[in-house]
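Here the sequence shown stands for residues 1 to 165, where the numbers follow UniProt numbering. All C-beta atoms, glycine included, are put in the ideal place defined by N, C-alpha and C. What follows is a set of notes on a single structure, which appears directly below.
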Amino acid sequence: MSELTDHIVTAHHDRLRDELPALEALVHKVTEVHSDDHPELQEAESEFVELADEMQTHISEEEDELFPIVRKLERGMPLSDIETETIENEIEGFEDDHQETADRLDRIAELTDGYAVPSSACASYRSMLDRLESLERETHLHVHKENNVLFPAIESLVAKTGVEL
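Set out below in structure tokens:
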């Protein structure tokens, strides 16, 4: 599992740390320039700002709270009651976060008409839409790895230790 958590950090979390602030600046720039002709950009920007903030908090919590406990489990070390409770609460919370993230991404896609490029779009506008669409694809893959591979593996490992979640 450590290989998977390391992969998630390297392939997804590190990329998000770089991409989210840069994309947020681009979304702001495009909204500032084009919102008179495309008022939906204001709501898309608001959704994106919330999304970026939530995602940055989420990845930090995974790395600081959940992943160290996973490493401890893998080494066969017993968990404290607090750590066991943390795993249960964190997995539930992260799954809820993933759904909220999917909902925000869906709303952004809806507001941008599925990332359709308006005929009047400048290079920055096109880049923003491409990067938002890429973020959506990458995030769905990231969430799949966590919800369908990592979290069940953690729950299985905890079950083998005899600790109830």
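Just the Cα atoms here: how many angstroms apart are S35 and E45? Here residue 35 refers to the residue found at position 35 when the sequence shown is read from its first residue. Here residue 45 refers to the residue found at position 45 when the sequence shown is read from its first residue. C-alpha separation (whole angstroms): 10 angstroms.
Whole-angstrom Cβ separation of S119 and L26, contact assumed at under 8 angstroms? Within the sequence shown, residue 119 is the residue found at index 119, counting from 1. Within the sequence shown, residue 26 is the residue found at index 26, counting from 1. With a Cβ gap of about 20 angstroms, S119 and L26 do not count as contacting.
By the DSSP assignment, the alpha helix (DSSP H) with G93 in it spans what residues? Along the sequence shown, read from residue 1 onward, the residue named residue 93 stands at position 93. Note, G93: alpha helix (DSSP H), 81 to 111.
Three-way DSSP call (helix, strand, coil) for H13 in this model: Here the question's residue 13 lines up with position 13 in the sequence shown. H13 falls in the helix class under three-state DSSP.
State the CB to CB distance for the pair T5 and L73, rounded to an integer number of angstroms; the pair is presumed to be in contact (CB under 8 angstroms). As a position in the sequence shown, residue 5 is number 5, starting the count at 1. As a position in the sequence shown, residue 73 is number 73, starting the count at 1. Incorrect: roughly 11 angstroms between the Cβ atoms, too far for contact.
How many angstroms separate the CA atom of L105 from the CA atom of L51? Counting from 1 along the sequence shown, the entry for residue 105 is found at position 105. Counting from 1 along the sequence shown, the entry for residue 51 is found at position 51. Approximately 8 angstroms between the Cα atoms of the pair.
DSSP three-state call for L165: helix, strand or coil? Position 165 of the sequence shown, counted from the start, is the residue given in the question as residue 165. Low per-residue confidence applies at L165: pLDDT is 49, beneath 50, and the placement is therefore not dependable, though the value from the model is reported in the following sentence. Here L165 sits in coil by DSSP.
Nearest residue (CA-CA) to V31, options L129, E85, S80: For the purposes of this step, residue 31 is taken as the residue at position 31 of the sequence shown. A small fix is needed here, since residue 31 is Thr in this sequence, not Val. Checking every option, the nearest Cα to that of T31 belongs to L129.
Counting only the same chain and skipping the five closest in sequence on each side, list residues whose C-beta sits under 6 angstroms from that of L157. Here residue 157 is taken as the residue at index 157 of the sequence shown, counted from 1. L73, listed in sequence order.
Within its chain, find whatever has a CB closer than 7 angstroms to the CB of K29; leave out the 5 residues flanking it on each side and keep chain order. Position 29 of the sequence shown, counting from 1, holds the residue named residue 29. So the qualifying residues of the chain are S124.
By the 10 Å Cβ neighbour count, where 16 or more other Cβ atoms means buried, how is I91 classified, buried or exposed? In the sequence shown, residue 91 corresponds to position 91, counting from 1. Label assigned to I91: buried.
Whole angstroms are fine: how far does the CA of D37 sit from the CA of L66? On the sequence shown, residue 66 is found 66 positions in, with the first residue counted as 1. On the sequence shown, residue 37 is found 37 positions in, with the first residue counted as 1. Distance between the alpha carbons of L66 and D37 is about 45 angstroms.
At least 3 beta-carbon pairs within less than 8 angstroms: the region 69 to 84 vs the region 130 to 145: no
With a 10 Å radius around its C-beta and 16 neighbouring C-beta atoms as the bar for buried, classify V143 as buried or exposed. For the purposes of this step, residue 143 is taken as the residue at position 143 of the sequence shown. Its Cβ being crowded by 16 or more others within 10 Å, V143 is buried.
Nonlocal neighbours in the same chain, by C-beta distance under 8 angstroms from D97, ignoring five residues either side: Your numbering for residue 97 matches position 97 in the sequence shown. Counting only Cβ-Cβ distances below 8 angstroms, and skipping sequence neighbours, we find E54, H58.
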